[in-house]
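Student: Take the sequence shown: its letters are residues -6 to 125, numbered as in the working numbering. In this text, a Cβ means the ideal position worked out from N, Cα and C, and glycines have one as well. Note that the structure is predicted; figures quoted are calculated from it, not measured.
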Amino acid sequence: MKIQGKMFLWLSVFILAMAVLYGVWSKEPAGTTALFLAFGLAIMIGYYLAFTARRVDAMAQDNKEADVADEAGEVGFFSPHSWQPLSLAIGGALAFLAIAIGWWLLYFSAPLILVGVWGWVFEYYRGENQNQ
-6 MKIQGKMFLW
4 LSVFILAMAV
14 LYGVWSKEPA
24 GTTALFLAFG
34 LAIMIGYYLA
44 FTARRVDAMA
54 QDNKEADVAD
64 EAGEVGFFSP
74 HSWQPLSLAI
84 GGALAFLAIA
94 IGWWLLYFSA
104 PLILVGVWGW
114 VFEYYRGENQ
124 NQ
């Protein structure tokens, strides 16, 4: 994780330099603000990764002599049969469409989003997958 932290910290330095250069050269406030906000996001992520890297064991990417197979293994648990992302995707698409068409469309998207979030959170608390 050390290398990711360094990459984001160097990226934040680059974004800061570009934000200052863009702000001086273009005199355009929207793009300058966006670049300064991107700098803030990059510095937060870089600080978090660098801060966390001190508290976890060294990973394979931190070792210059490591092979690709050194980091092999289980990545995590991913639900193989969940229908909740489909509900969230449709609800999210309708919610973003409501910005273009009209706010009344949120009345249809909000229940889909709530059902999707509720189902995703409590997916393994009931039914045949209760004890996974």
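Could you please give the first and the last residue of the uninterrupted alpha helix (DSSP H) stretch that includes residue 52?
Tutor: Segment: none, residue 52 is in no alpha helix (DSSP H) and carries neither H nor E.
Student: Using C-beta distances below 7 Å, list every residue in its chain close to residue 29, excluding the 5 sequence neighbours before and after it, in chain order.
Tutor: The answer, listed in chain order, is 12.
Student: Measuring alpha carbon to alpha carbon, tell me which of 110, 49 and 45 ends up nearest residue 79.
Tutor: Checked all of 110, 49 and 45; the closest Cα to residue 79 is 110.
Student: Contact between the region -4 to 11 and the region 33 to 46: three or more CB pairs below 8 Å?
Tutor: Touching, per the Cβ criterion.
Student: Specify, as a first and last residue, the run of the alpha helix (DSSP H) that residue 13 falls within.
Tutor: That run of the alpha helix (DSSP H) goes -5 to 19.
Student: Rounded to the nearest angstrom, what separates residue -4 and residue 48 at their Cα positions?
Tutor: If you take the alpha carbons of residue -4 and residue 48, they lie about 14 Å apart.
Student: Should residue 105 go down as buried or exposed, given a rule of 16 or more other Cβ atoms within 10 Å for buried?
Tutor: By the neighbour-count rule (16 or more Cβ atoms within 10 Å), residue 105 is buried.
Student: Identify, in the order they occur along the chain, each residue of the same chain with its Cβ nearer than 6 Å to the Cβ of residue 18, setting aside the five sequence neighbours on each side.
Tutor: Closer than 6 Å at Cβ, skipping near neighbours: no residue.
Student: I need the straight-line Cα distance from residue 68 to residue 119, nearest angstrom please.
Tutor: Cα-Cα distance, rounded: 25 Å.
Student: Could you have a look at residue 126 and say whether DSSP puts it in helix, strand or coil?
Tutor: For the chain, the structure presents residues -6 to 125; residue 126 sits outside this window and is missing.
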